[in-house]
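Asker: To convert, note that position 122 of the sequence shown is 118 in our numbering; the numbers rise steadily by one, no gaps.
In this text, a Cβ means the ideal position worked out from N, Cα and C, and glycines have one as well.
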Amino acid sequence: MFKRISEDIHSVFERDPAARSTLEVLLCYAGLHALWGHRVSHWLWTHKLKLLARAYSQLVRFFTGIEIHPGATIGRRFFIDHGMGVVIGETAEIKDEVTLYHGVTLGGVSTHTGKRHPTIENGVVIGAGAKILGAITVGECSRIGANAVVVKDIPRDSVVVGVPGHVVHKEGQPRKGFDLNHDKLPDTLELEIGELMERVAKLEKKAF
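1. Give me the DSSP bridge partner(s) of His162.
2. Going by other Cβ atoms of all chains shown within 10 Å of its Cβ, with 16 needed for buried, is Glu136 buried or exposed?
3. Does the segment 64 to 80 come close enough to the segment 21 to 39 to have 3 or more Cβ pairs within less than 8 Å?
4. Would the segment 109 to 121 count as touching the segment 80 to 95 if we require 3 or more Cβ pairs under 8 Å?
5. As a quick exercise: from Ser17, Trp41, Val56 and Asp149, pick the residue whose alpha carbon is nearest that of Ala26.
6. Can you tell me where the beta strand (DSSP E) holding Ile128 begins and where it ends?
7. Exposed or buried, what is Ala197 when buried is set at 16 or more other beta-carbons lying within 10 Å of its beta-carbon?
8. Here's the rule I'm using: 16 or more other beta-carbon atoms within 10 Å means buried, otherwise exposed. How should Pro13 be labelled?
9. I'd like the span of the alpha helix (DSSP H) that includes Thr107, first residue to last.
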């Protein structure tokens, strides 16, 4: 248990330059509190104490602003930065070294029982306000841009931006580290308009 707690604290220092001391992290990081609260509620959920698990998760939500269903499974070195407004659904699966920013939703698109929430593979970073919806998989080391809406499977080592989400960086050009580089994500609308204008120019050249 203490090893896991140490890992969690180290993950904060690794990914948030604003963290200055262990005491500050222990007292002030809602994402960390939500993660620890989820471990308790998930244990209750898997031991058939589902009402108690839901009640406890609601208590954690009240204090942190982060809603994680007790049925969700979360791997090691998971980090939620800022955290307010994060929602993680019942059948969501989050692997190791995943980072979420505030306002992220891992939601469902169906009222049927069974798997209906996303699977997030190792090393994924999901930007502020992004929505990952449905029983889809986001491949390892992918980056989801702020406010993107993702409703289809994403291959590993991808960068996704826009509504609906467009893959603008694919496998074969691996991304390193945890930095999402929000300021360097491309404008997909500008790219599409540029491509369209280029095609129009070529057609006009052929016509004349």
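Answerer: The answer reads as follows:
1. Val157
2. buried
3. yes
4. yes
5. Val56
6. Lys127 to Leu129
7. Result: exposed.
8. By the 10 Å Cβ count, Pro13 comes out exposed.
9. That residue, Thr107, is in no alpha helix (DSSP H); it is neither H nor E in DSSP.
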